[in-house]
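Residue numbers (the numbering used here), protein chains in the order written: chain W, 1 to 221; chain L, 1001 to 1203.
Ideal placement from N, C-alpha and C gives every residue a C-beta, glycine not left out.
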Amino acid sequence: MAKKLKLITNGLFNENPVLRLVLGTCPTLAISVSATGGFGMGLAATFVLICSNMAISALRKVIPDKVRIPAYITLIAGFVTIIQMLIQAFSPELDQMLGIYLPLIVVNCIILGRAEMFASKNPVLDSALDGLGMGLGFTLTLTCMGIVRELIGAGTVFGLRVFPEEYAIRIMTMSPGGFFTFGCMIALLTAILQKRGKKLISSQNKCLGCPDCAHCEEANK
Amino acid sequence: MNTAWDAVKPFLVILFTMILTENYVLVKFLGICPFLGVSKKLDSAVGMSAAVTIVMVVASAATWCIQTFLLVPLGLEYMQTIAFILVIAALVQLIEFTLKKYIPALHKTLGIYLPLITTNCAVLGVTLLNFTNEYGFAQSLVNGLGAGLGFMLAMVLFSGVRRTLLRAKPPKCFEGLPITLVAASLTSLTFMGFTGIVEHLFA
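Structure below.
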């Protein structure tokens, strides 16, 4: 039981997909303008993560190794289409807020990364828990970043006003603020984990969890 | 003269909007992974963005045809995401084979970047945005080209910034990616200076 719980908490801090594995940076930067958007994006991605992890894990002995990436992408795209249609039907405002980043969950490397690193090697239940943990880590990070950026940049949290708009530093809700907040959040989590004496999986803050890592290293040679 | 200018102007507006004010990497946050991963050296930054530009233009053309002649007549618009990502994956493979067979020299320089492109969200993003913006065929091509050139501009500029960054000594927890992201934030700040430039240039 403790082992199963560990699978979930792993995604929250030690292997936080956004801050430690540096996956899914694009939606993180773009959607964390507001806390509500970050929360919605996180939940949508969590749904896709759990479903795709379970499906890929269940099919891991059927899918031939050579065509696994196209097969994974097709499965993921199917689940993304489902969540896209659900959000369009039940929450048009959220659909508006997420815009193009909703269909872009397909190429969100958290999902493909977990498919490659976890679901293709582990049984269905473990994969589902890993998807849940990673998804919660993603949601938590996006919501926190959204709160920070929305508070400083617009003076509100989840749309509720905290201080008058004149005092807001608008640049935090714009693109430079996204990069800046993201950099600071990674540094903060690194500092906390270092202080608590945790062994870090990537001590140098590199994007090692990416499914494209080998190709990227080769391109840099 | 005037009519020719009128015909070209909308395309120039799209092109420059995509390169400067709506830069995919620095303003819209699409394609951040290669932006952080492959911008360490100038030549790999140029190679990667050249490959991305080619794929973006070809993918814009292919997905426009598929959407207009296949998905819309059959009423399958909801299949857009699945169809587009598969088309892009197939296209990247196709481009790789074609380059290998007919232009081996180009394949040698760009080949290593092609596997990174299938899951690059900038490519899927540009094809999806072509339809959100209701662009025609020619406009889609120009949009793809502009997105690619904008990607190249950001990559080239940022590879210069990163060379300087190597000499910096940030606090321990900021080493590596965090300080790179702060540098990206400053680069993105400079692009905010372009706000409104396209409207004024082509007014």
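Looking at the unbroken alpha helix (DSSP H) that takes in residue i, where does it start and where does it end?
| i | result |
| --- | --- |
| residue 90/W | 68–90 |
| residue 1080/L | 1080–1102 |
| residue 150/W | 124–154 |
| residue 1121/L | 1121–1132 |
| residue 197/W | From DSSP, residue 197/W is part of no alpha helix (DSSP H); its letter is neither H nor E. |
| residue 10/W | 2–12 |
| residue 1143/L | 1137–1165 |
| residue 54/W | 35–58 |
| residue 1195/L | First-last for residue 1195/L: undefined, no H or E at that position. |
| residue 1039/L | It is not in any alpha helix (DSSP H) - residue 1039/L carries neither H nor E in the DSSP assignment. |
| residue 234/W | No information on residue 234/W is available, as it lies outside the stretch 1 to 221 that chain W covers here. |
| residue 1177/L | 1177–1191 |
| residue 1002/L | 1002–1016 |
| residue 112/W | 109–114 |
| residue 210/W | Taken as a continuous stretch (DSSP letters only), residue 210/W belongs to no alpha helix (DSSP H), as it is neither H nor E. |
Should residue i be flagged as near chain L, meaning a C-beta pair shorter than 8 Å?
| i | result |
| --- | --- |
| residue 100/W | yes |
| residue 16/W | no |
| residue 91/W | no |
| residue 73/W | yes |
| residue 164/W | no |
| residue 29/W | yes |
| residue 144/W | no |
| residue 85/W | yes |
| residue 218/W | yes |
| residue 212/W | yes |
| residue 78/W | yes |
| residue 22/W | yes |
| residue 191/W | yes |
Does any residue of chain W bring its CB to less than 8 Å from the CB of residue i?
| i | result |
| --- | --- |
| residue 1015/L | no |
| residue 1185/L | yes |
| residue 1029/L | yes |
| residue 1089/L | yes |
| residue 1113/L | yes |
| residue 1197/L | no |
| residue 1142/L | no |
| residue 1150/L | no |
| residue 1155/L | no |
| residue 1032/L | yes |
| residue 1049/L | no |
| residue 1182/L | yes |
| residue 1041/L | yes |
| residue 1192/L | yes |
Do you know whose CA, among the options, lies nearest residue i's CA?
| i | options | result |
| --- | --- | --- |
| residue 1057/L | 1153/L, 1132/L, 1147/L | 1147/L |
| residue 1091/L | 1121/L, 1101/L, 1059/L | 1059/L |
| residue 22/W | 1164/L, 1176/L, 1161/L | 1176/L |
| residue 1191/L | 1050/L, 1002/L, 1018/L | 1018/L |
| residue 1201/L | 1034/L, 1002/L, 1171/L, 1009/L | 1009/L |
| residue 1107/L | 1136/L, 1093/L, 1119/L, 1118/L | 1093/L |
| residue 77/W | 1006/L, 1085/L, 1076/L, 1074/L | 1085/L |
| residue 28/W | 98/W, 214/W, 93/W, 118/W | 98/W |
| residue 168/W | 192/W, 14/W, 155/W | 155/W |
| residue 26/W | 108/W, 63/W, 196/W | 108/W |
| residue 139/W | 1/W, 104/W, 24/W, 6/W | 24/W |
| residue 1115/L | 221/W, 216/W, 178/W, 220/W | 216/W |
| residue 176/W | 1178/L, 1184/L, 1180/L | 1184/L |
| residue 1110/L | 1044/L, 1137/L, 1169/L, 1011/L | 1044/L |
| residue 1046/L | 1151/L, 1169/L, 1014/L, 1077/L | 1151/L |
| residue 193/W | 220/W, 91/W, 213/W, 10/W | 10/W |
| residue 69/W | 1127/L, 1162/L, 1089/L, 1034/L | 1089/L |
| residue 44/W | 126/W, 124/W, 95/W, 180/W | 95/W |
| residue 33/W | 73/W, 75/W, 100/W, 151/W | 151/W |
| residue 131/W | 7/W, 1/W, 93/W | 7/W |
| residue 1053/L | 1079/L, 1143/L, 1103/L | 1143/L |
**Asked** With a cut-off of 8 Å, do at least 3 Cβ pairs link the stretch 112–121 of chain W to the stretch 49–56 of chain W?
**Response** yes
Exercise for review: Output, in sequence order along the chain, the residues in the stretch 1051–1067 of chain L whose CB is closer than 7 Å to any CB in chain W.
Suggested key: none
Where the stretch 1066–1087 of chain L meets chain W: residues whose CB sits under 8 Å from a CB there: 1078, 1079, 1080, 1081, 1082, 1085, 1086
> Does the stretch 176–194 of chain W come close enough to the stretch 8–26 of chain W to have 3 or more Cβ pairs within less than 8 Å?
Replying inline: yes
| query | What residues in the stretch 1121–1136 of chain L bring their beta carbon closer than 9 Å to a beta carbon of chain A? | reply | Included in the structure are the protein chains W and L, with no chain A among them.
Residues, ordered as in the chain, of the stretch 94–119 of chain W that lie near chain L by beta-carbon distance below 7 Å = 100, 103, 104, 106, 107, 109, 112
Closer than 7 Å between beta carbons: that is the criterion. Which residues of the stretch 1158–1178 of chain L meet it against chain W? 1173, 1174, 1175, 1176, 1177, 1178
* Asked: Relative to chain L, which residues along the stretch 169–188 of chain W have a C-beta separation below 9 Å, given in chain order?
  -> Cβ proximity to chain L below 9 Å picks out 171, 174, 175, 176, 177, 178, 179, 180, 181, 182, 183, 184, 185, 186, 187, 188 from the stretch 169–188 of chain W.
What are the residues of the stretch 43–73 of chain W that lie near chain L, defined by any Cβ-Cβ distance shorter than 7 Å? Only 70, 73 from the stretch 43–73 of chain W bring a Cβ to less than 7 Å from some Cβ of chain L.
*So, do the stretch 1142–1162 of chain L and the stretch 1018–1030 of chain L have three or more beta carbon pairs nearer to each other than 8 Å?*
yes
Are the stretch 56–67 of chain W and the stretch 78–88 of chain W touching by the rule of at least three beta carbon pairs closer than 8 Å? Fewer than three Cβ pairs drawn from the stretch 56–67 of chain W and the stretch 78–88 of chain W lie within less than 8 Å of each other, which leaves the two stretches out of contact.
Q) Do the stretch 140–154 of chain W and the stretch 36–43 of chain W make contact, defined as three or more Cβ pairs closer than 8 Å? A) Yes, they touch.
Exercise for review: Examine the Cβ distances between the stretch 1129–1149 of chain L and the stretch 1164–1178 of chain L and report whether three or more of them are shorter than 8 Å.
Suggested key: no
Does the pairing of the stretch 1112–1131 of chain L with the stretch 1029–1037 of chain L give three or more beta-carbon distances under 8 Å? The stretch 1112–1131 of chain L, when compared against the stretch 1029–1037 of chain L, does touch it at the 8 Å Cβ threshold.
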